[in-house]
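What the sequence shown shows, in mature numbering (1 follows the signal peptide of the UniProt record, and there is no 0), is residues -22 to -1, 1 to 457, in sequence order. Just so it is clear, CB atoms sit at the ideal spot from N, CA and C, and this is done for glycine as well. Since the structure is predicted, the reported quantities are computational estimates derived from the model, not experimental observations. Each remark here refers to the structure printed beneath this line.
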Amino acid sequence: MRITIYIRLLLVFLAFSAPALHHTKAQGQDSVEVLTLQEFHRIILQHHPIASQAALLSEQAKQELRIARGTLDPVISSKVYRKEFGGKEYYNIWSNTLLVPLWFGPELKAGFDKNQGSYLNPEDYTPSEGLSSVGISVPLGQGLFIDERRATIRQARLMQDIAEADRVKLINKLLLQATKDYWDWLLYYRQVQLYQESVELADFRLKAVRSRVQEGDLAAIDTVEALTEVQTRQVLLQEAQVGYNNARLMVATHLWAENQTPLELQEHTIPALAGSEIVSLPQEELQQLLETAKANHPDLRKISLKGEQLRIEQRFAADKLKPKLNAEYNLLQKDFYMNPEAVDRKFMGENYKLGLSFSLPLFLRQERGKLQLTKVKQQANSLELTQVAREVENGILAAYNEWLALEEQIRLQQQMVENATILRNGEVVRFQNGESSLFLVNSREMKLMEAQVKLFNLRTKYAKARTFLYWSAGSIEVN
């Protein structure tokens, strides 16, 4: 009789203390290491290959800008020609040029020519000391306010901002998937802990029932009932363990060390239990989130920057409608070195080479077609910006509505867990008093576990919804 009372007391104690077993076990294992979500994010941003790949986008845009700026690099050239035939020297030509493009359109030009020979073209005659020149070429029509060099450089500068938007988008996508995998890991961890406790409790009850059957206090059929419950919970535990192991593998795919070395998630590493608590988002913060998304969302930012590139392209295309009118002036003097007399006005008026060139296509079909095509691209870009802005806004509002709905569902589910706990405890007391059966106790406990698992699932969905909300706004929270 004393053994029966002792077993019943232990049964009541375990029934009431089961929800706290998980916390006690977690605190009692000294070897357990907790991987927080913030630490998880830090490791991903430091060494993940996709994060490294995203960083290369900015470097790529930087080099594209360098290439574009290369069109303004000074160019030096030199050429030597010599012709001799039949024992006669026809000519020796040595020509050197330094061309310096300026940002605002004109080009500075310096040269030195030294030519000689019996059959030299009279246009190429130079003094015996050589002929040096320095001058400038100025576009007066097409190319005065914008040209291909300036358009390319300005578009390349915008490409840096576009690359940054692509980098943010790639990082956000990576963090979204990694965070979802982390919450799944936490979900299965909680399920495993819950089912482990339930198996231990069912096993203890099996032993208690067998003891009571031997004393004649219970029928032998109750042993089968208790054993079946143990096996049922063992199946649930095995299913949860499979899910937990798979979730650990998914989390481990995001862990990398230096030099693209994959990291393994150790067996004693567990997720942090915090992070899925209800955190309300006031209406004013939602509005602020909407405004921030309009200004900084990577998709909107990229489309807007492409619009700026098209405006530069339109300006350049419109400039092509102007005629090509270039004026060139070169000051000439003997020898390579500049003489003081070269800056004299009289000298400059008598030793120069002046040129003026003009050209204009009669129909301008290519130029007009390019301009109209650019305008069509601008319209398409504007329509795309309007559509994507609407999608981003509605995506944020939909994620916010899901967040609010999950908050309410979690509150209701918490009440259901409390109610299921009360019913389970009451059934245990009735069983103590001989007014109930082991089957009813097990049924109440299964209902309680189902309610707890559903609560875990809702908390996981809530944590994912919170991450998805900020992802929809274009920025995932990273502490």
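Ile248 is bridged by DSSP to Val12. When the alpha-carbon of Lys302 is set against those of Ile124, Leu98, Val354, the nearest one is in Ile124. In this structure, Arg183 is the residue among Val257, Val321, Arg183, Ser110 with its C-alpha nearest to the C-alpha of Phe409.
In this structure the segment 167 to 186 does not touch the segment 309 to 325; the number of beta carbon pairs closer than 8 Å is below three.
Between the alpha carbons of Phe18 and Gln212 lies a gap of roughly 31 Å. Taken in chain order, no unbroken stretch of beta strand (DSSP E) lies wholly in the segment 128 to 195 with a span of 3 residues or more. For Glu85, the enclosing beta strand (DSSP E) stretches over residues 85 to 94.
For the set Ile199, Ile140, Leu342, the Cα lying nearest the Cα of Gln38 is the one of Ile140. Taking C-alpha positions only, Asp200 is separated from Glu371 by approximately 60 Å. A straight line joining the alpha-carbon of Leu76 with that of Thr352 spans about 36 Å. Contact check for Ile374 against Tyr440 fails: the beta carbons are separated by 8 Å or more.
Shortest Cα-Cα distance from Ser176 to any of Ser360, Ser421, Tyr222 involves Ser421.
Assignment of Asn304 by DSSP, reduced to helix, strand and coil, places it in the strand class. In its chain, beyond the 5 residues on either side, Phe434, Thr438 have a beta carbon closer than 6 Å to the beta carbon of Leu165. Looking at Gln350, Lys280, Glu306, the one whose alpha-carbon comes closest to that of Arg145 is Lys280.
For Trp72, no alpha helix (DSSP H) encloses it; the enclosing beta strand (DSSP E) starts and ends at 66 to 79.
Rounded to whole angstroms, the Cβ separation of Asn329 and Pro117 is 25 Å, and the two are not in contact under 8 Å.
Closest in C-alpha terms to Ile114, from the list Leu310, Glu306, Leu418, comes Glu306.
Residue range 53 to 63 is occupied by the beta strand (DSSP E) that includes Lys57, with no alpha helix (DSSP H) assigned at that position. Counting only runs of 4 or more residues that sit fully inside the segment 254 to 327, the alpha helix (DSSP H) segments are 261 to 274, 276 to 297, in chain order. Distance from the CA of Ala88 to the CA of Ser335, rounded to the nearest whole angstrom, comes to 19 Å. Of the candidates Ala250, Met427, Asp313, the residue whose Cα lies closest to the Cα of Asp162 is Ala250. Per the Cβ contact rule, the segment 220 to 237 is in contact with the segment 23 to 41 (3 or more Cβ pairs under 8 Å).
Setting aside the 5 residues that flank it on each side, Ile290 is surrounded in the same chain by Ala129, Arg132, Gln133, each with a C-beta closer than 7 Å to its C-beta; the list follows chain order. The alpha carbon of Val395 has as its nearest neighbour, out of Pro339, Thr231, Glu369, Leu436, the alpha carbon of Leu436. Judged by their CB atoms, Ala451 and Ala271 are nearer to each other than the 8 Å cut-off. For Leu334, the enclosing beta strand (DSSP E) starts and ends at 330 to 337. In the three-state reduction of the DSSP assignment, Ala235 falls in the strand class, which pools E and B. Judged by DSSP secondary structure, Ile114 falls within the beta strand (DSSP E) whose first and last residues are 109 to 117.
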